[in-house]
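Residues in the sequence shown are numbered from -6 upward in steps of one, following the working numbering.
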Amino acid sequence: MPGSLKTEAIVLRSIRFGEADRVLHLYTPQRGRLSAIAKGVRRAKSRFGGRLEPYFRLQLVLYEGRSELLTVTAAETVHPHARLRRDARALDGASRACDAVARLFADGEPHEGVFHLLANHLALLDAEPARATRGHALAFRLKLLLAAGFAPQLAACAGCGDTEHVVGFSGAAGGVVCPACEASAFPLGEEAHGFLVTALGRPLSAAPDASPRALAQAERAILETLEHHAHVRLRPVSAT
Ligand SMILES: [Zn+2]
């Protein structure tokens, strides 16, 4: 039934549409991902100004008719994340984070935790752009897996439950594995295992760091988990 929806939202993507419009991919706390059209937004005198851009956190009023595409009728800025935009690495990190959220969740699949995680991630990158490290980006993605219900098993072998000796990681098995169960696994060292456990356990603001080798293993574990369980292939977390 047609009506108005008042919601906070983070702009994941903004796509030019027609002469002067934009289609926005948004992530909202209660409705998850949704798409909305902002009419006339590319005209110089648009009442929306420049705020319907990626990485803005907004308070929106959307008109919901029968179409899947809602219409933006009002927009106020909650957080513009202006500092983040002036730092190439932070901007790249924000782009990859929004892309991961856009691709991991379908429209109308709400996870309130994902909204708060993304809002927190963008706020941290904005407050301190130097946080845009590979470790921080991996910690974000790992928490995203947890919020989506795909967190890998890290405490015991995902094949047999052995807690003594885990040597690899298997996306197919869903976590760390012991030597007897490592058929489809790749080697996961102690440092990478420790990084994954710590990154999941700590707040994002205290994300751990690790050696490049351990981060590469941790990233592979996250990517393989996503491929096997969410059937999504994401871009690497960073360009380096
Ligand atoms: Zn095992």
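From the three backbone atoms N, C-alpha and C, an ideal C-beta is built for every residue, glycine too.
Non-local beta-carbon contacts of Val34 in its own chain, meaning distances under 6 Å to residues more than five positions away in sequence, involve Arg15, Phe41, Leu45 in chain order. Residues of the same chain with a CB within less than 8 Å of the CB of Pro(-5), apart from the 5 flanking positions on each side, are Tyr56, Glu57, Gly58, Arg59 in chain order. Of the other Cβ atoms in all chains shown, 16 or more fall within 10 Å of the Cβ of Asp119; this residue is therefore buried. Excluding sequence positions up to five before and after Arg124, its CB lies within less than 7 Å of the CB of Leu117, Leu118, all in the same chain and listed in chain order. With distances taken between CA atoms, Glu69 lies nearest to Phe49 out of Asp85, Arg36, Arg76, Phe49.
In the three-state DSSP reduction, Phe108 falls in the helix class (H, G or I). DSSP places Asp14 within a strand segment (E or B) once states are collapsed to three. Inclusion of Ala2 and Tyr20 in the CB contact set at 8 Å is warranted, their separation being smaller than that value. The stretch 105 to 115 makes contact with the stretch 132 to 152; the number of CB pairs closer than 8 Å reaches 3 or more. In the DSSP assignment, Gly25 falls within the unbroken beta strand (DSSP E) covering 25 to 31.
Here Pro145 is buried: its Cβ has 16 or more other Cβ atoms, across all protein chains shown, within 10 Å. Note on the stretch 111 to 198: whole beta strand (DSSP E) runs with a minimum of 3 residues are 161 to 163, 168 to 170, in chain order.
In the DSSP annotation of this structure, the continuous segment of the alpha helix (DSSP H) that includes Ala209 starts and ends at 205 to 218. When secondary structure is reduced to three states using DSSP, Val34 falls in the coil class, being assigned neither helix nor strand. No Cβ-Cβ contact shorter than 8 Å links Arg76 with Val225.
The set of residues with CB atoms less than 6 Å from any heavy atom of ligand 1 reads, in chain order, Cys150, Gly152, Cys153, Asp155, Val170, Cys171, Ala173, Cys174. Ranked by Cα distance from Gly25, the first of Thr66, Ala81, Gln52, Gly101 is Gly101.
Under the three-state reduction of DSSP output, Arg44 falls in the coil class, being neither helix nor strand.
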